[in-house]
Structures are given as C-alpha cells and as structure tokens.
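Counting in this note's numbering, the sequence shown runs from 3 upward without gaps.
Ideal placement from N, C-alpha and C gives every residue a C-beta, glycine not left out.
Quick caveat, the model's predicted, so the values are computed rather than measured.
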Amino acid sequence: MTSSTTPALVRFNALEEAAATAALHEACASSAWGSKLLAQRPYPTVEALLAASDAAMAELTAEDLAEAMAGHPPIGRPKPGDPTSAREQRGMAGASEELKAELLELNLAYQEKFGHVFLICATGATAEFMLGQLKTRIENESEGEREIVRSELGKINRIRLTRLVEEGNDA
C-alpha cells in the first residue's frame, strides 16, 4: 500500500461523477458507501481513499450492508465472465468435488440462517480455509456475524480500491 498519489488515483479523482460512481460500484455495491467516497474526492493519497472507505464502511446500516452483499456471488460460484469474482475466488480452483459440495450445502444453510451469502475476503484464501471459516461463522448470532461481514467487506473493498488506484485496473 502506498501513501502517495498514483497516476491511477489522479485519473480516478478526475473522472466524471457517473464514471466515478460506476468505478466505486464495481468495488462495492453499497450506494451509501459509494456516495460517501464520491463526496470526498479528490483524494490526496491512496491511503486517504482507503481511510475514507474504512470510515464509510463503519457507518453502513444493516440495509446498506445487505445492498453491498447482494453484489457478491456465493463462494465457489463466481459470476460467469466476471474477472474480479474469478480472481478473488481463485482458491477454490483446486478444491475437490466433495469439498465443493460441502461448501455449497453450508452456504445454503448459512444463507437460510442469515438471509445473505456467506461473505469472506477470499483473496489468497484456500477452499479449506473458507470452509473452516464457514463452519465456525454459521454458529454465530446475527448481530455478531453482521460485524464480521462488515470487516470482511471492508477488506474486500480495500483490495478492490487499491487495485483501482494503484494498478489502474478496474476494481
């Protein structure tokens, strides 16, 4: 992570509002989160953008979190044709059919219990790790799980924003 201004950050700061809104929506489907970040442009550094993301994430309501989670496919089922989803879930590539089946079954039970997909920062995580986290987290109470989801979503948003403003790639 860098605390300097990058060419990609300069481009992001200069985007027309509609284009910046679209770029932020690719990073996180919460319109409240995106609006808060959009309102604070221009960002002097990548770190300032990430700090604004963290602050906006902390303020999201349960409804805002639900909107954000709606933009995430279930673990093990990345959105077809979506390179971000496929890249983030790369750890599922070598999973056995048995592990994938168990993950799907637990995903459905989790979704039934909490009313949303199991959300985890999957970047760099193995299928086994994600399954272990799912087995642990399905036992949580709703309020505690919502705060874990907020934390995981914050990690995902940081990775996606960093990719957007350091590498210049789409989130």
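In the three-state reduction of the DSSP assignment, Y45 falls in the coil class, being assigned neither a helical nor a strand state. Note on V12: under 16 other CB atoms within 10 angstroms of its CB, so exposed under the neighbour-count rule. Judged by DSSP in its simplified three-state form, A124 adopts coil rather than helix or strand.
The beta carbon of S144 sits closer than 7 Å to those of F116, all from its chain and outside the five residues before and after it, given in chain order.
Exclusion of the five residues before and after K157 leaves C123 as the residues of its chain whose Cβ lies within less than 7 Å of its Cβ. Assigned with DSSP and collapsed to three states, A21 falls in helix. Taken atom to atom, the span from the alpha-carbon of A34 to that of A127 is near 28 Å. Within the segment 134–173, the complete alpha helix (DSSP H) runs of at least 4 residues fall at 144–164. Distance from the CA atom of L67 to the CA atom of E28, rounded to whole angstroms, is 15 Å. Two segments are said to touch when three or more pairs of C-beta atoms, one from each, lie closer than 8 Å; by this definition the segment 158–168 touches the segment 55–75.
Counting the other CB atoms within 10 Å of its CB gives G96 a total below 16, which places it among the exposed residues.
Taking C-beta atoms under 8 Å as the contact rule, G73 and A41 fail to qualify, at a distance of about 20 Å.
Here P9 carries a helix assignment [DSSP, helix/strand/coil].
Setting aside the 5 residues that flank it on each side, P44 is surrounded in the same chain by N15, each with a C-beta closer than 6 Å to its C-beta; the list follows chain order.
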